Amino acid sequence: MRRKLIEAPKSTTSYSTSTSHVSLATDPKRGNDTKSTHASKASNKVALQYYKGKTLVLDLDETLVHSVRLGSEDTLQVSKSIKHKKIEVQHDRQSLLYEVYKRPHADFFLKTISQWYKVVIFTASMAEYANPVIDWLDQDQNLISQRYFRQACVLSNGNFVKDISLAEPDLAKVCLVDNSPAAFELFQENGISLPGWISNPNDECLLDLLPLLDALRFTADVRSILKLRRMGAV
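Numbering (this note's numbering), first residue to last: 104 to 337.
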């Protein structure tokens, strides 16, 4: 059974497989109460200024997908239920063929969070490989707003570290989901660690993450909630 990490405000949030929105319904009995109506509108404006405008930065490999280069020594036994696609990559005058597997529930996850956040993919992979993979994830739905690749990473102690301020300079409004702790080196307060995925057809980590992401969009500063989470307080 999946465990909710944080409950979103029950008075405002409605989950749906097709849409997720903030309900601003008012009590019809107060229709003639001008002061109450104005106060309600003011309160809604304050709430929505936090609801809008946040950025979610997502890693690619082992977070949303897993790839195997065909013809290499790597082998992978994957359930037929997992969505996959062959992608050809041109690199250094060579044509490389990859079998890319989509993490379970990735489609629903992306469709849901794109209604809550500006979604950015930040990967340590090269653009020649990552672009067609991201295109496959997005499927012309405009779910993903921006893309950053290896050349945008900072190399530190042999690790590719992600500068999320490129996606959103205001660090109160951005968080990074990644399976590699090294990716958070510059912005540890903004990191959400996710177990890496390779082939488990029953993986539900992306679904488990939704309650937390739902709650974070209503906060003034995502770092305050993520700090409590790291301390085990939420």
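The beta-carbon is built from N, C-alpha and C at its ideal position, and this holds for glycine as well.
No experiment lies behind these values; they were computed from the predicted model shown.
1) Could you check which residue in K157, L159, T166 has the C-alpha nearest to that of L297?
2) Where in the segment 211-299 do unbroken runs of the alpha helix (DSSP H), each at least 4 residues long, occur, reported from the N-terminal end onward?
3) Please report the straight-line C-alpha distance between C256 and S198, rounded to a whole angstrom.
4) Under 9 Å between the Cβ atoms of R320 and K157?
5) Could you tell me if R326 is buried or exposed, where buried requires 16 or more neighbouring beta carbons within 10 angstroms of its beta carbon?
6) Ignoring anything shorter than 3 residues, give me the beta strand (DSSP E) runs that lie fully in the segment 167-191, in order along the chain.
7) Judging by CA-CA distance, which residue of D273, Y251, E271 is the nearest neighbour of F263?
8) Which residue from Q254, V222, H208 puts its Cα closest to that of W300?
9) Counting only the same chain and skipping the five closest in sequence on each side, list residues whose C-beta sits under 6 Å from that of V181.
10) Locate the beta strand (DSSP E) running through F205, then write down its first and last residues.
11) Just to confirm my understanding: we take V280, look at its own chain, exclude 5 residues before and 5 after, and list those with CB closer than 6 Å. What are they?
12) With H, G and I counted as helix, E and B as strand and the rest as coil, what does DSSP make of D164?
13) Near S228, which residues of its chain fall below 7 Å by C-beta distance, leaving aside the five closest residues on each side in sequence?
14) Return the chain-ordered list of same chain residues with a C-beta closer than 8 Å to the C-beta of K330, the five sequence neighbours on each side being excluded.
15) Judging by CA-CA distance, which residue of N282, D195, I247, E191 is the nearest neighbour of Q218?
16) Alpha carbon to alpha carbon, how far is K276 from P304?
17) Enumerate in chain order the residues of its own chain whose CB-to-CB distance from N260 is below 7 Å, with the five nearest sequence positions on each side excluded.
18) Closest to K221 by CA distance: which of L316, L173, K189, P235 is it?
19) With 16 other CB atoms within 10 Å as the buried threshold, where does E271 fall?
20) Quick one: using the 10 Å Cβ neighbour count with 16 as the cut-off for buried, is R172 buried or exposed?
This is what the structure holds:
1) T166
2) Taking only runs of at least 4 residues, the alpha helix (DSSP H) segments lying wholly in the segment 211-299 are 230-241.
3) 25 Å
4) yes
5) Within a 10 Å sphere around the beta-carbon of R326 sit 16 or more other beta-carbons, which makes this residue buried.
6) 168-172
7) Y251
8) For W300, the nearest C-alpha among the options comes from H208.
9) Y204, S302
10) Just to set this straight, residue 205 is Lys in the shown sequence, not Phe. First-last of the beta strand (DSSP E) with K205: 197-205.
11) Excluding positions up to five away in sequence, the list reads L161, I295, L297.
12) strand
13) L163, D164, F252, R253
14) E292
15) I247
16) Rounded to whole angstroms, the separation of the alpha carbons of P304 and K276 is 33 Å.
17) none
18) L316
19) buried
20) exposed
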